[in-house]
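Asks:
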Amino acid sequence: MHTEFENYLASQTDLSGETIRHIGSMATMRKLHKNEALLTSGEICRHKVFIINGMLRSYYLRTDGSEHILQFSPQLTWTLDVESYDKQTPSLVNIEAVEKTEVLLWAKPDFDKLLKEIPELKTFSERLIARTIYHNRNRILTILSGTPEERYLEFVNTYPDYLARLPLRMVAAYLGISLKTLTRIRHAQLQREAGIMDK
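So the sequence shown is residues 40 to 238, counted in the numbering used here.
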């Protein structure tokens, strides 16, 4: 039923096919249009989310109305608002489809039950959490110490296919720089690349 999810979990764990199908059977599928919200600030995050295809973004709005993008979640990744999900309190962030997207949703009580029933799923979930913590730490260090150019280059090297899928304004909001600055950086890089090719 959820072939992409089943193949993903089989490649990441030693869970049996039967167990993987059981996990998948507890989820519901939802299709999102481009720019459609999955979670809106003020709502409680009640689901664990796996992206089958497409891409989501998690962001919050500053008091001046500008966006700060926390992360992009492409196909075959998980996402949620951790604090809202764990504490069942109103979310501070929005989760929205960047493009046409299909997701699997597990209600928190159902996923909590699966974690108790399947120790290996719990171990796998903990590994994902640790990986997210490491990624967020590295991102914070880059934002605090890296120049706008360094942030951009790290983004391009880490996510080489994202530029073709994302509006530049979203890339700028993720990097914490203005669209004008990002445009200048990209223009300078393209000029350098053109100069190298001319030699």
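Where a beta carbon is used, it is the ideal one built from N, C-alpha and C, also for glycine.
Thinking C-beta only, is F44 closer than 7 Å to L143?
Replies: To locate residue 143, count along the sequence shown from 1; it is residue 104. To locate residue 44, count along the sequence shown from 1; it is residue 5. Cβ distance < 7 Å, so L143 and F44 count as in contact.
Asks: Between the Cα of S212 and those of F163, R190 and A203, spot the shortest distance and give me the residue it belongs to.
Replies: Numbered from its first residue, the sequence shown carries residue 212 at position 173. First, the amino acid is wrong: residue 212 is Ala here, not Ser. Among F163, R190 and A203, the Cα nearest to that of A212 is on R190.
Asks: Excluding the five sequence neighbours on either side, which residues of its own chain have a C-beta within less than 8 Å of the C-beta of R207, listed in chain order?
Replies: In the sequence shown, counting from the first residue as 1, residue 207 sits at position 168. It should be noted that the sequence gives Leu, not Arg, for residue 207. These residues qualify, in order along the chain: L218, L221, T222 and R225.
Asks: On the three-state DSSP scale, how would you describe M68?
Replies: Position 29 of the sequence shown holds residue 68. Note: M68 maps to strand in three-state DSSP.
Asks: My understanding is that T140 touches G93, with C-beta atoms under 8 Å, so please give their C-beta distance in whole angstroms.
Replies: In the sequence shown, the residue the question calls residue 140 occupies position 101. In the sequence shown, the residue the question calls residue 93 occupies position 54. T140 to G93, Cβ: 3 Å. Contact.
Asks: So, with DSSP's three-state summary, where would you put V88?
Replies: Taking the first residue of the sequence shown as position 1, residue 88 is located at position 49. V88: strand per DSSP, three-state reduction.
Asks: Out of L192, Y198 and T197, point me to the one whose CA is closest to L229's CA.
Replies: As a first step, residue 229 is located in the sequence shown; it is residue number 190 there, counting from the start. Nearest C-alpha to L229: L192.
Asks: Q110 by DSSP, collapsed to three states: which one?
Replies: Locating residue 110 in the sequence shown gives position 71, where the first residue counts as 1. DSSP places Q110 in strand when its eight states are reduced to three.
Asks: Where does Y124 sit, in a helix, a strand or coil, going by DSSP?
Replies: Walking along the sequence shown from the start, residue 124 turns up at place 85. Note: Y124 maps to helix in three-state DSSP.
Asks: How big is the Cα-Cα spacing for D149 and Y98?
Replies: Position 110 of the sequence shown, counted from the first residue, corresponds to residue 149. Position 59 of the sequence shown, counted from the first residue, corresponds to residue 98. Cα-Cα distance, rounded: 26 Å.
Asks: Near I216, what residues of its chain come up, given a Cβ to Cβ distance below 6 Å and the 5 sequence neighbours on each side ignored?
Replies: As a first step, residue 216 must be located in the sequence shown, where it is residue number 177. Around I216: P187.
Asks: Measuring straight from C-alpha to C-alpha, what distance separates S123 and V88?
Replies: Locating residue 123 in the sequence shown gives position 84, counting from the first residue. Locating residue 88 in the sequence shown gives position 49, counting from the first residue. Their Cα atoms are separated by approximately 13 Å.
Asks: If you draw a straight line from the alpha carbon of M209 to that of V137, how long is it in whole angstroms?
Replies: Here residue 209 refers to the residue found at position 170 when the sequence shown is read from its first residue. Here residue 137 refers to the residue found at position 98 when the sequence shown is read from its first residue. Taking the straight line joining both Cα atoms gives about 9 Å.
Asks: Do you know how far the Cα of T67 is from the Cα of L54?
Replies: Here residue 54 corresponds to residue number 15 of the sequence shown, with the count starting at 1. Here residue 67 corresponds to residue number 28 of the sequence shown, with the count starting at 1. Taking the straight line joining both Cα atoms gives about 20 Å.
Asks: Are the segment 124-131 and the segment 69-81 touching, with three or more C-beta to C-beta distances below 8 Å?
Replies: yes
Asks: Report the three-state DSSP secondary structure of A203 (helix, strand or coil).
Replies: For the purposes of this step, residue 203 is taken as residue 164 along the sequence shown, with counting starting at 1. In this structure, A203 counts as coil in the three-state DSSP scheme.
Asks: Pull up the DSSP beta-bridge partners for P129, would you.
Replies: Numbered from its first residue, the sequence shown carries residue 129 at position 90. In the DSSP output, where bridge partners are listed per residue, P129 has I83.
Asks: Taking the DSSP output, what are the residues bridged to R101?
Replies: Residue mapping note: residue 101 aligns to position 62 of the sequence shown, counting from 1. Answer by DSSP bridge pairing: none, since R101 is not bridged.
Asks: Which of the three DSSP states, helix, strand or coil, is assigned to T116?
Replies: Taking the first residue of the sequence shown as position 1, residue 116 is located at position 77. Coil, per DSSP.
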